[in-house]
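Enquirer: The structure that follows is given in the form of structure tokens.
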Amino acid sequence: MALVSTLIPESCEPKSLEPGFYIVATPIGNLGDVTIRAVDVLRSVSLIACEDTRVTGKLLKACNVKTRMQRYDDHASESVRKRLIETARGEPVALVSDAGTPLVSDPGYRLVREAREAGVSVTTIPGACAAIAGLTLSGLPNDRFLFAGFLPVKEKARASVLEEFGSVEATLIFYETGPRLLRSLAAIADLWPGREVSVARELTKLHEECRTDAASELIEHYTAHPPKGEIVLMIGPLTHIDKAVDPDALLKEALADMSVSKAAGKIAKATGLDRQTLYARAVELKGQ
Ligand code: SAM
């Protein structure tokens, strides 16, 4: 809070802005991450569309912004959206979400799509986004990444989403909650015991932490220390296998209740290692 007030002038004349939508990113925890341009725009628009006026109200107060707010989310009726779009045709209107970048697992998609179709200008004021902040801390490869929002709550749906994206050669990024983290880690451990997984928690806040390890190790840690707060869950690419993985140990475990062929297939899928090589090794292990 102190940082915000020292960086942002107490008052400054609102700028004259062109009509249209201004998609404004806001902090994901630390108010000091609000950008100077975001404050400028929020002070200068004639209306701020937001998910929750109480949440956005706190940010506006900290930044000395007095602009009128209106509640908006993608469940708003067609007529509310149309009215907002018509307002933005004649005046500058900001769209913010509770935290971070609007539209990223947050409202705004329909509004932006329909505004563009209606020929209303849309511009963006970029800033914090938890997915990107988590990725930069994880130590996982970041040359290719795939953000897939929240994992489904139901076990079957979650496993099928993990399997669907699991073969993509990229770091996978999901949003997660404390109460569901252990179940998601268990599903990951089951599918890919060898993949590196990263949990980034409470980013930019007092208790920020980021742990990168095998899913089984993370399960051990978070069973002992139940995770609180907001979480980004990331899974390293299949080719980026944890060096600690012991294919022999995995094969032995699999051979306990499946055929050589099935065990080789399962461990190849879990680790990205060559199936033929694993098959030959499984035959040896079976004979021992
Ligand atoms: N639009 C936001 C963004 O740009 O990151 C995300 C909104 S989504 C509804 C909220 C989810 O983002 C949380 O459940 C959590 O998974 C993640 N998240 C938001 N803030 C976070 C933070 N400070 N640390 C870790 N994860 C965070």
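Under the numbering used here, the first residue of the sequence shown is numbered 4, with each subsequent residue one higher.
Note that CB positions come from ideal geometry on N, CA and C, so glycine has one too.
Could you check if Leu34 belongs to the surroundings of the ligand SAM, using beta carbon to heavy atom distance under 6 angstroms?
Expert: The sequence position of residue 34 within the sequence shown is 31, counting from 1. Outside the cutoff, so no.
Enquirer: Can you give me the Cβ contacts of Gly232 inside the same chain, cut-off strictly under 8 angstroms, excluding the 5 residues immediately before and after it?
Expert: Counting from 1 along the sequence shown, the entry for residue 232 is found at position 229. Around Gly232: Gly181, Arg204, Glu205, Lys208 and His210.
Enquirer: So, are the CB atoms of Phe24 and Ala91 less than 7 angstroms apart?
Expert: Taking the first residue of the sequence shown as position 1, residue 24 is located at position 21. Taking the first residue of the sequence shown as position 1, residue 91 is located at position 88. Cβ distance < 7 angstroms, so Phe24 and Ala91 count as in contact.
Enquirer: Residue range of the alpha helix (DSSP H) that Ile191 falls in?
Expert: Residue 191 sits at position 188 when you count from the first residue of the sequence shown. Per DSSP, Ile191 belongs to the alpha helix (DSSP H) from Gly181 to Leu194.
Enquirer: Is it right to say Leu238 is buried, meaning 16 or more other beta carbons lie within 10 angstroms of its own, or is it exposed?
Expert: Sequence index remark: in the sequence shown, residue 238 carries index 235 (1-based). In the sequence as presented, Leu is not what sits at residue 238; that position holds Ile. Ile238 is buried by the Cβ-count criterion.
Enquirer: With a threshold of 6 angstroms (Cβ to nearest heavy atom), would Ala266 be considered close to the ligand SAM?
Expert: Indexing the sequence shown from 1 puts residue 266 at position 263. Ala266 Cβ: outside cutoff for every heavy atom of the ligand SAM.
Enquirer: Would you say the beta carbon of Glu21 comes nearer than 6 angstroms to a heavy atom of the ligand SAM?
Expert: Within the sequence shown, numbered from 1, the residue matching residue 21 stands at position 18. Not under cutoff, so the answer is no.
Enquirer: Going by DSSP, what residues sit across from Met237 in a beta bridge?
Expert: Here residue 237 is taken as the residue at index 234 of the sequence shown, counted from 1. Met237 pairs with Ile176 and Ser201.
Enquirer: For the region 216-225 against the region 141-156, do three or more pairs of beta-carbon atoms, one drawn from each stretch, fall closer than 8 angstroms, so that the two count as touching?
Expert: The region 216-225 vs the region 141-156: no contact.
Enquirer: So, helix, strand or coil for Glu212, using DSSP?
Expert: Reading the sequence shown from its first residue, position 209 is the one you call residue 212. Looking at Glu212 - three-state DSSP - the assignment turns out to be strand.
Enquirer: Indicate whether the contact test is met: 3 or more Cβ pairs, each with one atom in the region 252-262 and one in the region 148-156, closer than 8 angstroms.
Expert: no
Enquirer: Below 8 angstroms on the Cβ atoms is my guess for Ala133 versus Tyr178; work out the distance and round it to an integer in Å.
Expert: In the sequence shown, counting from the first residue as 1, residue 133 sits at position 130. In the sequence shown, counting from the first residue as 1, residue 178 sits at position 175. Rounded, the Cβ-Cβ distance is 7 angstroms, consistent with contact.
Enquirer: Can you find the residues in the same chain that come closer than 6 angstroms, C-beta to C-beta, to Pro129, ignoring five residues on each side of it along the sequence?
Expert: On the sequence shown, residue 129 is found 126 positions in, with the first residue counted as 1. Cβ within range, chain order: Ala28.
Enquirer: For Lys269, is the classification buried or exposed, using 16 other Cβ atoms within 10 angstroms of its Cβ as the cut-off for buried?
Expert: Counted from its first residue, the sequence shown places residue 269 at position 266. The residue is buried, with at least 16 neighbouring Cβ atoms inside 10 Å.
Enquirer: Where does Gln291 sit, in a helix, a strand or coil, going by DSSP?
Expert: Counting from 1 along the sequence shown, the entry for residue 291 is found at position 288. Look at Gln291 here: in three-state DSSP terms it is coil, with no helix or strand label.
Enquirer: Apart from the five residues on each side of it in sequence, which residues of its chain come closer than 8 angstroms, Cβ to Cβ, to Glu166?
Expert: By one-based count along the sequence shown, residue 166 stands at place 163. Counting only Cβ-Cβ distances below 8 angstroms, and skipping sequence neighbours, we find Leu194.
Enquirer: In the DSSP assignment, the alpha helix (DSSP H) including Gly93 goes from what residue to what residue?
Expert: Stepping through the sequence shown from its first residue, residue 93 is reached at position 90. Per DSSP, Gly93 belongs to the alpha helix (DSSP H) from Glu81 to Gly93.
Enquirer: Mind checking whether Leu50 and Val125 have CB atoms under 7 angstroms apart?
Expert: What you label residue 50 is simply residue 47 of the sequence shown in a count that begins at 1. What you label residue 125 is simply residue 122 of the sequence shown in a count that begins at 1. No, these two residues do not count as a Cβ contact at 7 angstroms.
Enquirer: Is the shortest distance between the beta-carbon of Cys213 and the beta-carbons of chain C less than 7 angstroms?
Expert: The displayed structure is made up of one protein chain only, and chain C is not part of it.
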